[in-house]
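Structure, as structure tokens:
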Amino acid sequence: MKNHQTQVRVRYSETDQMGVVYHGNYVPYFEIGRVEWLRNKGVSYKSMEESGIGLPIVSMQINYKKSARYDELLTIHTTFKSQSSVKIEFDCAIYNESNELLTTAVFILVFISLKTGRPTAPPDYILELFKTLV
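Quick note: the sequence shown uses the UniProt record's numbering, first residue 1, plus one each step.
Next up, the structure:
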């Protein structure tokens, strides 16, 4: 399945004095979504790193549509969009408890060797996962 959803509750420390989520805190929410997408597919990001593979963001585009607020339960939608030799792309969205769309994003990540810092092919188990998503 290309899609995964996970939830996170907005913590007080993520908001300003008006109880609105600071724009920079959406990036960690989306990261939670991507890590949980992988975990849901049987891939541990921690194990991947321990085997010498990293997956840094090389591009992100975020569109803010409506503010998230303190104590709201947010649902993070993460959707696999595409994969090429060393890149993986995700479409993401965050909804509030009323199912209102708050934020959308597109992320491009690149598989790298943590030893060299250079792009590398995804591990075989990731390539097998990609085959199931097409």
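Virtual Cβ for every residue (Gly too), placed ideally from N, Cα, C. Since the model is a prediction, treat every value here as computed from it, not as a measurement.
In this structure, the straight-line span from the alpha carbon of MET18 to that of SER59 is close to 30 Å.
ARG11 and ILE57 have their C-alpha atoms spaced approximately 24 Å apart. Annotated three-state conformation of ARG9 is strand, per DSSP. Here the region 83-95 does not lie against the region 38-46, with fewer than 3 beta-carbon pairs under 8 Å apart. By the 16-neighbour rule on beta-carbons within 10 angstroms, GLN83 is buried.
A buried status is given to HIS4, since no fewer than 16 other beta-carbon atoms sit within 10 Å of its beta-carbon. With contacts defined by Cβ atoms closer than 8 Å, LEU102 and LYS65 form a contacting pair. Note that the region 61-78 does not touch the region 124-134; fewer than 3 beta-carbon pairs, one per stretch, sit closer than 8 Å.
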